[in-house]
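Under the numbering used here, the first residue of the sequence shown carries the number 84, and numbering increases by one thereafter. In this text, a Cβ means the ideal position worked out from N, Cα and C, and glycines have one as well. Computed from a predicted model, the values in this text were never measured in an experiment. One structure below.
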Amino acid sequence: MTERRFRVLVTDEIDPEGVALLRAHPDIEVVEKPTRPAAEVLAEIGEYDAFVGRSATRVTRELLQAGDRLRVIGRAGVGVDNVDLRTATELGVAVINAPGGNTVSVAELAFGVLIGLARNIPQAAESMRQGRWDRSKLGGVELRGKTMAIVGLGRIGSEMSRRARAFGMTVIGYDPYVGQSRFEELDVERVERLNEALERADVVTLHVPLTGETTGMIGAPELARLGRDAYVLNLARGGIVAEDALAEALHAGRLAGAAVDAFDVEPLPADHPLRGAPNLLLTPHLGASTRDAQRNVAVEACEAVRDALVTGDLSAAMNASGVGGAATRELRPLLALADRLGRLGRALVPGALNSLEVRYTGPREHAPRPLLLSALQGALRDVVEHRAINLVNAQHVAAERGIETATTMVGGRGELGEEIELRLEGGERSIRVGGALLGETHGRIVRIGAFRVDVAPRGVMMVIRNRDVPGVIGRVGTLLGEAGVNIAEYHQARLSVGGEALAAVSVDSRIPGDVVDRLTALPEILDVRQVEME
């Protein structure tokens, strides 16, 4: 059970089924409001731990900075063009979208408009309304035997390939970020160059996100590579196809037709050149506008927001690179251990931190990066003003402060099971701290510097360096007892008789400063550090 309820602002007409998932959790308070002017949202965003909306509300840098409590942004849809992703990452705000919920709706609309273009359905319907019988003028073409080029073989592109094959089409695809095995699984011929895909296509359908790389990727030169009988479909994002170039190509008769559902500026201006282009089907961003899709994306986004708030599960966060998916969820005991090791190591390296390296010994190939982020989260937990550091912004904060990071993986298992070792450097001092996962969930601190220890990373840990002389343990225990501090574990380690020793002491509560001073004043004590592990 959490210490307080999380407050979630829901707007932009999120489907009630998704909102109900949030309301059903006892630790979540939902405030549902209609879409409002930006100034009104800005004035109250500081009261919420999460925001869930669609594209109508813009999540700007100003809004994110005003949201002192914000931990999660939920977007009930695929695109996050309305979210300042860079600022969210800097501030440690997880951004969650719903990439799978509207897949079928978009693919079905794409085929709907394609069939409309191929068979002149809009023109035929309009002519009938006007009392005409233009049968001889409105012949069309079959899709069977035609070649569809799919640009972007993600979820929607994959659904397009399945439907295209059902229509008897030849399917080729261009996506440099998808492996060959995926092309083979979908029975799609892989094309290495976009220009080749365009030159072979009877239908080009675009299903890529809007990025610096994809903005304007289909401009006048690319459209010129298409045949006069080709169709272009953009039901992805506005800006992928150059709108002026598309309008000009249609007016010049260099394309058979096109369909556009997403635009550079929405709503589309009344005097926009696309509105007057021939053989063009325009729809007002309807791709995800089915009852089914709106329900699906709302449920998907709200489930992920709930889990991120209540359990810290960031597997659905698109800006938590390297820490997503079911495999990472299995790492939670290791991530917790790495966080505690980061806290411990940082407490033992005073001053500015210069570098942090994670060495992982175990069988999980995907583990090093999440473990690095979790160790950074622990080591830097007190350096971010007004914001908690987390797996979203840990790498950014480290880079901002010039902290070098590295990971190493050793296959197999260590002596104690899966093992994590951190090496931290700061100023002229460095320290190695290590931990092991005993069994599936039992994390232990097993190394501090050159000393072997065995203590659970819970409560408050006190690390004492002392001379190895008789009576030290008794004097420390007596002093803590007199101060009302309860000891949970006390592990004493030494390298040689009479030399330097180290004690790792787990206590139930933070030790007052005056007690630490009294401990430090004992003649046998060289140094005392305490670390909050929870």
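Closest residue to residue 547 among 295, 319, 534 (Cα-Cα distance): 534
Residue 472 by DSSP, collapsed to three states: which one? In the structure shown, residue 472 sits in coil (DSSP, three-state: anything other than H, G, I, E or B).
Using only CA atoms, which one of 206, 391, 427, 488 lies nearest to residue 89? When only C-alpha atoms are compared, the closest one is 391.
Tell me the rounded alpha-carbon separation between residue 469 and residue 230. Reliability of the predicted coordinates at residue 469 is poor, the pLDDT of 44 falling under 50, and the value obtained from them is presented with this limitation in mind. Across the structure, residue 469 and residue 230 are spaced so that their CA atoms are roughly 55 Å apart.
Could you pull the start and end residues of the alpha helix (DSSP H) that residue 556 belongs to? 555-565
Out of 252, 387, 123, 280, which has the shortest C-alpha to C-alpha gap to residue 179? Of the candidates 252, 387, 123, 280, 387 places its Cα closest to the Cα of residue 179.
Residue 131: buried (16+ other C-beta within 10 angstroms of its C-beta) or exposed? In this structure residue 131 is buried. Its beta-carbon is surrounded by 16 or more other beta-carbon atoms within 10 angstroms.
Would you please state the rounded distance, in angstroms, between the beta carbons of residue 529 and residue 517? I believe it to be under 8 Å. 5 Å
Below 8 Å between beta carbons: does that hold for residue 345 and residue 320? yes
Skipping 5 residues on each side, what residues in its chain have a beta carbon closer than 8 Å to that of residue 128? Here the set comprises 92, 134, 146, 149, 150, 153.
Could you tell me the alpha carbon to alpha carbon distance between residue 561 and residue 177, rounded to whole angstroms? 47 Å
Could you check if residue 367 is buried or exposed, using at least 16 other CB atoms within 10 Å of its CB as the buried criterion? exposed
Can you give me the start and stop residues for the beta strand (DSSP E) that residue 89 sits inside? Where residue 89 is concerned, the enclosing beta strand (DSSP E) stretches over 89-93.
Compute the distance between the beta-carbons of residue 421 and residue 503, then report whether it is under 8 Å. yes
Is residue 166 near residue 142, with beta carbons less than 8 Å apart? yes
Compute the Euclidean distance between the alpha carbons of residue 525 and residue 616, then round it to the nearest angstrom. 15 Å
Cα-Cα separation between residue 84 and residue 104, rounded to whole angstroms: Note that residue 84 scores 38 on pLDDT, short of 50, meaning its location in the model is unreliable and no value can be drawn from it.
Cβ neighbour criterion (16 or more within 10 Å) applied to residue 227: exposed
For the pair the stretch 200-217 and the stretch 258-277, tell me if three or more CB-CB distances fall below 8 Å. no
What's the C-alpha gap between residue 603 and residue 400? Distance between residue 603 and residue 400, taken at the CA atoms: about 45 Å.
Would you be able to state if there are at least three C-beta pairs under 8 Å between the stretch 208-223 and the stretch 266-284? no
Can you name the residues that DSSP bridges to residue 613? 545
So if DSSP puts residue 574 in a beta bridge, which residue, or which two residues, is it bridged to? 587
For residue 278, the first and last residue of its enclosing alpha helix (DSSP H): 277-283
Assigned exposure category for residue 97 - 16 Cβ within 10 Å defines buried: buried
Supposed close pair residue 100, residue 378 - CB separation, criterion 8 Å: 5 Å
Tell me, which residues are paired with residue 317 by DSSP? 289, 343
So what's residue 537 in DSSP terms, helix, strand or just coil? strand
Quick one, which of 372, 428, 431, 453 has its alpha-carbon nearest residue 398's? Ranking the options by Cα distance to residue 398, first place goes to 453.
With distances taken from CA atoms, which of 110, 126, 136 is nearest residue 117? 136
Enclosing alpha helix (DSSP H) for residue 420 [first to last residue]: 415-430
Residue 525 by DSSP, collapsed to three states: which one? strand
Return the residue from the list 589, 592, 612 that minimises the CA-CA distance to residue 599. Closest option to residue 599, Cα to Cα, is 612.
Start-to-end residues for the alpha helix (DSSP H) that takes in residue 215: Unbroken run through residue 215: none, as it is neither H nor E.
Sub-8 Å separation of residue 550 and residue 609 beta-carbons: Taking a C-beta distance under 8 Å as the contact criterion, residue 550 and residue 609 qualify as a contact pair.
Would you kindly check if the distance between the Cβ of residue 289 and the Cβ of residue 322 is under 8 Å? No, the Cβ-Cβ distance between residue 322 and residue 289 is not below 8 Å.
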